[in-house]
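Trainee: Structure incoming, see below.
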Amino acid sequence: MPELPEVEVVRHGLDVWVSGRTIESAEVLHPRAVRRQEGVLPDQLKGRRVESADRRGKYLWLPLDDGAALMAHLGMSGQMLMLPKGAPDEKHLRVRVTFADDGPEMRFVDQRTFGHLMVTPLGISGGRTVPEPIVHIAPDPLEEAFDEKAFTAALKKRQTGIKRAILDQSLISGVGNIYADEALWRAKLHWARATETLTAPKISELLAAARAVMTEALGQGGTSFDSLYVNVNGESGYFDRSLSVYGRRDEPCPRCGTPIRRDAFMNRSSYSCPTCQPRPRNGRW
DNA sequence: ATCGTAGCCTGGAGGC
DNA sequence: TGCCTCCAGGCTACGA
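Numbering of the first sequence is given in numbering that gives the first Met the number 0, commencing with residue 0 and proceeding in unit increments.
Shown next as structure tokens:
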């Protein structure tokens, strides 16, 4: 499941493989794979040169030489793959982009179709140039532009639980269910802890934990539970071995040995240690 | 404005 | 064996 570290691995791969290349054609094989302007995307891409590959949170984009950008969100199962021309099509191939040279083509493959591509103008947000549709999302914690004081102030104003808050991309971007659980465990915070009860030092500790776990995951190529997350060469990451709580129901807490619990949360799961992360008396869901 | 939830989607796992 | 239900979960739309 691609969160910030996984998307960064893909971004880096695209930067290496497509920067400076000129797009020859684009082919859309599934209508849901392109949002807003599926019919014109091929025309918008044809003949454009890719400048680089950029990212904020879980969004990545390729700035183009006409000032627009090809933006991608991988959703749950999206992959960006580089493959030689003529390689057999994947079962869930959604978009194919070919280049005006002999190098590999770029493919957007997505089993569950939660991901999408889009050609969009660029705008300004948080001191950076980003695609217009995502100017509302906050900087991610690995960005220079991330403003810890502003984040702390905004967080304390929220009337909700801490996990719900850090999954809100308008407060902090790039954190998904896996790294939220890992960061909360490292900071010894229960997911339902009311945001307004957190002190600035505790928020700072949580942020440091989020940065640390995501940086470590990046160093191991990201987290792959199944074949759904892979880099541009189709290779899995192996940070799943280093996860402390996520997906480890009933396994011992690496810190104290208490069996990890799984709670239902927002129609999905939260993993935590009952001893290190006691349930707050006045928690919020 | 703020907060919380349903629904989108496919395929693997597990129950019967 | 095959059918059924559950589960994974980021984001948008929408209701309170």
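Virtual Cβ for every residue (Gly too), placed ideally from N, Cα, C.
Can you find at least 3 beta carbon pairs, one from the segment 106-115 and one from the segment 60-69, that sit closer than 8 Å?
Mentor: Touching, no, given that fewer than three Cβ pairs across the two stretches are closer than 8 Å.
Trainee: For Thr222, does the count of other Cβ atoms within 10 angstroms reach 16, so buried, or fall short, so exposed?
Mentor: So Thr222 ends up on the buried side.
Trainee: Determine the DSSP secondary structure at Arg240, reduced to helix, strand or coil.
Mentor: Helix.
Trainee: Could you spell out the range, first to last residue, of the beta strand (DSSP E) harbouring Glu181?
Mentor: Segment Asn176 to Arg185 is the alpha helix (DSSP H) holding Glu181; no beta strand (DSSP E) there.
Trainee: Opposite Glu104 in the DSSP bridges: which residues?
Mentor: Leu82
Trainee: Please classify Pro277: does DSSP put it in a helix, a strand, or coil?
Mentor: coil
Trainee: From which residue to which residue does the beta strand (DSSP E) around Ala137 run?
Mentor: Element bounds for Ala137: n/a, residue is neither H nor E.
Trainee: Compute the Euclidean distance between the alpha carbons of Arg248 and Ala182, then round it to the nearest angstrom.
Mentor: Rounded to the nearest angstrom, the gap between the Cα atoms of Arg248 and Ala182 is 17 Å.
Trainee: Whole angstroms are fine: how far does the CA of Pro251 sit from the CA of Ser124?
Mentor: 43 Å
Trainee: Gly173 and Gly256: beta carbons closer than 8 Å?
Mentor: Contact flag unset, no.
Trainee: Report the option in Arg34, His189 and Ile171 whose CA atom is closest to the CA atom of Asp146.
Mentor: Ile171
Trainee: So, using beta-carbon positions, are Gly8 and Gly233 closer together than 8 Å?
Mentor: Rather than Gly, the amino acid found at residue 8 in this sequence is Val. No, they are not a contact pair.
Trainee: Using DSSP with H/G/I as helix, E/B as strand and the rest coil, what is Met213?
Mentor: helix
Trainee: Once the 5 residues before and after Gln110 are set aside, which same chain residues still bring their CB inside 7 Å of it?
Mentor: Ser76, His91 and Leu227
Trainee: Have a look at the DSSP bridge pairing and note the partners of Asp64.
Mentor: DSSP, once it has assigned bridges, lists no residue as partnering Asp64.
Trainee: Take the Cβ of Ser271 as the centre, count every other Cβ of all protein chains shown within 10 Å, and call the residue buried at 16 or more, exposed below.
Mentor: With 16 or more neighbouring CB atoms inside 10 Å of its own CB, Ser271 falls in the buried class.
Trainee: Check each candidate in Val39, Arg157, Tyr178 and Leu28 and name the one with the smallest Cα separation from Val108.
Mentor: Among Val39, Arg157, Tyr178 and Leu28, the Cα nearest to that of Val108 is on Leu28.
Trainee: Roughly how many angstroms lie between the CA atoms of Arg54 and Leu3, to the nearest whole one?
Mentor: 9 Å
Trainee: Buried or exposed: where does Ala32 fall if 16 or more other Cβ atoms within 10 Å of its Cβ makes it buried?
Mentor: buried
Trainee: Nearest to Ala152 by alpha carbon, out of Pro120, Ile202, Asn176 and Arg185?
Mentor: Relative to the Cα of Ala152, the nearest Cα in the group Pro120, Ile202, Asn176 and Arg185 belongs to Ile202.
Trainee: Nearest to Arg280 by alpha carbon, out of Thr196, Asp139 and Ala211?
Mentor: It is Thr196.
Trainee: Going by C-alpha to C-alpha distance, which of Met105, Arg192, Pro41 and Asn176 sits closest to Asp88?
Mentor: Met105
Trainee: If I'm right that Gln168 touches Ala137 with Cβ under 8 Å, what's the distance once you round it to whole angstroms?
Mentor: 7 Å
Trainee: Does Val39 pass the burial test, meaning 16 or more other C-beta atoms within 10 Å, or should it be called exposed?
Mentor: exposed
Trainee: Whole angstroms is fine: what's the gap from Gly160's alpha carbon to Arg267's?
Mentor: 15 Å
Trainee: Go ahead and pull the three-state DSSP assignment for Phe224.
Mentor: coil
Trainee: So, using beta-carbon positions, are Leu63 and Val49 closer together than 8 Å?
Mentor: yes
Trainee: If you draw a straight line from the C-alpha of Ile22 to the C-alpha of Phe150, how long is it?
Mentor: 39 Å
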